[in-house]
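Take 27 as the starting number for the sequence shown in our numbering and just add one per residue.
Yeah, the Cβ is synthetic: ideal placement off N, Cα and C, and Gly gets one too.
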Amino acid sequence: MTMSSRRIGIVGIGNMGSVHARILSDMGVLVGVADMDLSAAEQVAKTYKVKAFKDFASMIEDTHPEGVIIATPTPTHATIAEEVATNYDSIRGLLIEKPLASTLEDGKKVAKIVKERNIVTLISHSEIYNPIVGKALSLIETDAIGKPLTVIHDRRGFVAPERIPSLGDVFEDIGVHDFDIMARISEGPAKLYAQSNTVGGIHNSGTVMVKFESGTEHFFHLSRQYAGRRRFMDVSGTKGSLVLDLFGQIIKVQHLNQAPLAKSDTIRLPEMGATIKVYGEPIREVLSDFLRCINTGDTPKVGIDDALCALEIVEAARKSAESGKVVDIEIKSRA
27 MTMSSRRIGI
37 VGIGNMGSVH
47 ARILSDMGVL
57 VGVADMDLSA
67 AEQVAKTYKV
77 KAFKDFASMI
87 EDTHPEGVII
97 ATPTPTHATI
107 AEEVATNYDS
117 IRGLLIEKPL
127 ASTLEDGKKV
137 AKIVKERNIV
147 TLISHSEIYN
157 PIVGKALSLI
167 ETDAIGKPLT
177 VIHDRRGFVA
187 PERIPSLGDV
197 FEDIGVHDFD
207 IMARISEGPA
217 KLYAQSNTVG
227 GIHNSGTVMV
237 KFESGTEHFF
247 HLSRQYAGRR
257 RFMDVSGTKG
267 SLVLDLFGQI
277 IKVQHLNQAP
287 LAKSDTIRLP
297 EMGATIKVYG
307 EPIREVLSDF
317 LRCINTGDTP
327 KVGIDDALCA
337 LEIVEAARKS
347 AESGKVVDIE
357 IKSRA
């Protein structure tokens with residue numbers, strides 16, 4: 027069966043659910059949308075000529091999708107995922123908007139069920155699908171800038187206060203993207219320290235520092251209280267540096283201009299001072315990977331174990347921010 031003949035339904039028609047609906051309709055695989063606000067579901071359904079439902083059970087029973095996207099408020103992700111995975115044998119794939127769950131415990135419950143039932147599960151840490159991130163990870167892996175010494179992750183924007191409860195705290199809402207990226211760069215034991223500012227008792231901006239025993243440091247500036255929009259990443263290595271504009275999808279590769287080495291040891295970056303522009307729509311890449319993995323049974327680029335790893339870091343950041351203490355973590359090898 028080709029990707030275009032798959033049947034996909036969406037639960038939750040908010041900001042991200044609407045984006046998924048647009049792209050899935052363009053791909054020709056959208057069969058239904060469900061939302062507690064039926065009028066919102068009907069509006070999207072009318073736009074894309076599919077059926078609207080008030081709940082996911084009605085949608086699944088009527089349209090028989092093979093894949094379901096869960097784009098509901100964060101606190102509901104785990105419960106809906108468990109119910110869909112447990113009760114509907116036709117479901118071959120789940121795509122869960124980030125984060126997988128609000129807690130690591132709930133995330134592990136979902137993981138247990140989807141693994142037992144052999145359901146392809148992708149968690150939308152969409153920044154991993156940003157082609158500029160993939161390019162940077164490839165450059166790091168191929169030693170283009172040497173061993174990473176310091177990595178700065180800057181992710182800031184604004185979220186209206188009334189939306190915060192449905193999204194959870196800043197660590198689970200936006201931090202998971204960068205925590206996942208970190209886990210693809212560094213591994214092993216580390217010390218984590220976090221501080222935060224809260225809105226209504228919820229962490230809404232924060233800084234996180236992670237120092238690995240290997241010597242690599244990661245610094246995170248996360249905020250939903252910023253009048254603007256910033257997504258940058260800066261990687262300093264022993265041979266050079268990478269500066270990523272994640273919105274503009276531009277990566278600058280810079281050499282350290284070290285003294286000339288023996289010819290056989292010459293450092294060759296893609297280009298000295300090169301600026302590489304890479305285009306792509308991350309959410310479309312997410313959905314393409316989802317459909318591909320339903321077809322093949324392969325593990326998605328962001329699978330359930332990747333999501334659990336990110337949640338472990340989320341919980342460590344919460345613990346540190348709330349206690350004021352350093353927390354021990356360990357990032358396992360992905361090899």
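Residue i by DSSP, collapsed to three states: which one?
i	result
Leu126	coil
Glu311	helix
Pro174	strand
Lys327	coil
Asp63	coil
Asn321	helix
Leu295	Residue confidence is low: Leu295 scores 42 on pLDDT, short of 50, so the model does not pin down where it sits. Its coordinate-derived value is still stated next. If DSSP states are grouped into helix, strand and coil, Leu295 belongs with coil.
Lys289	Residue confidence for Lys289 is low, a pLDDT of 37 falling below 50, so the modelled location carries little weight; the figure read from the coordinates is stated next. Looking at Lys289 - three-state DSSP - the assignment turns out to be helix.
Val352	coil
Phe273	coil
Asn41	helix
Met27	A caution first: Met27 carries a pLDDT of 48, below 50, which makes its placement in the model unreliable, though a value can still be read off. It is coil, neither helix nor strand.
Gly160	helix
Arg400	The question about residue 400 has no answer here: the residues shown for the chain are numbered 27 through 361.
Gly133	helix
Gly180	The displayed chain sequence assigns Asp, not Gly, to residue 180. Note: Asp180 maps to strand in three-state DSSP.
Ile117	coil
Ile49	helix
Ser346	helix
Do residue i and residue j have their C-beta atoms closer together than 8 Å?
i	j	result
Lys3	His90	Limits of the chain in this structure are 27 at one end and 361 at the other, which puts residue 3 out of reach.
Arg118	Gly183	no
Ala111	Leu120	yes
Gly329	Leu163	no
Met208	Val177	yes
Val59	Val76	yes
Ser440	Pro99	Nothing about residue 440 can be read from this structure; the chain reaches only from 27 to 361.
Thr264	His247	no
Pro308	Tyr74	no
Ala220	Ala347	yes
Val57	Ile34	yes
Asp81	Ala104	no
Leu268	Ile277	yes
Pro157	Glu356	no
Glu108	Ile86	no
Gly323	Val146	yes
His179	Phe79	no
Arg250	Val196	yes
So is residue i buried or exposed if we call it buried at 16+ other beta carbons inside 10 Å?
i	result
Asp169	exposed
Asn230	buried
Arg32	buried
Glu198	buried
Lys161	buried
Lys289	No answer about Lys289 holds up, because its pLDDT of 37 lies below 50 and its placement is not dependable.
Ile166	buried
Glu153	buried
Ala253	exposed
Pro187	exposed
Val37	buried
Glu92	buried
Asp204	buried
Asp63	exposed
Asp291	In this predicted model, Asp291 has a pLDDT of only 35, less than 50, meaning its place in the structure is not dependable; the value taken from the coordinates is given anyway. The residue in question, Asp291, is exposed, as its Cβ has fewer than 16 Cβ neighbours within 10 Å.
Ala71	buried
Name the residue from the options whose alpha carbon lies nearest to the alpha carbon of residue i.
i	options	result
Asp61	Met259, Gly43 and Leu50	Gly43
Ala83	Val159, Tyr114, Asp204 and Glu243	Tyr114
Gly274	Gln280, Asn283 and Arg257	Arg257
Pro266	Asp206, Cys319, Asn283 and Ile339	Before going on, a small fix: residue 266 reads as Gly here, not Pro. Checked all of Asp206, Cys319, Asn283 and Ile339; the closest Cα to Gly266 is Asn283.
Pro101	Arg318, Leu218, Met235 and Arg189	Arg189
Thr224	Arg344, Lys141 and Asp354	Arg344
Gln280	Ile171, Arg310 and Ala137	Ile171
Glu68	Ser262, Val55, Ala47 and Met259	Ala47
Gly241	Gly226, Asp260 and Lys173	Lys173
Val136	Ser359, Glu341, Asp331 and Ile339	Asp331
Ser262	Lys351, Leu175 and Cys319	Leu175
How would you write the range of the beta strand (DSSP E) that residue i sits in, first residue to last?
i	result
Val261	Gln251 to Gly263
Lys278	Ile276 to His281
Asn223	Gly214 to Val225
Ala78	Lys77 to Phe79
Ser150	Val146 to Ser150
Val55	No beta strand (DSSP E) contains Val55, which DSSP labels as neither H nor E.
Thr233	Ile228 to Phe238
Gly93	Gly93 to Ile96
Identify the continuous alpha helix (DSSP H) that holds residue i and give its terminal residues.
i	result
Val202	Val202 to Ile211
Phe82	Phe82 to Thr89
Val110	His103 to Asn113
Pro99	Note, Pro99: premise wrong, no alpha helix (DSSP H); not H, not E.
Ile17	This structure does not reach residue 17, given that the chain is present from 27 up to 361, and the question cannot be answered.
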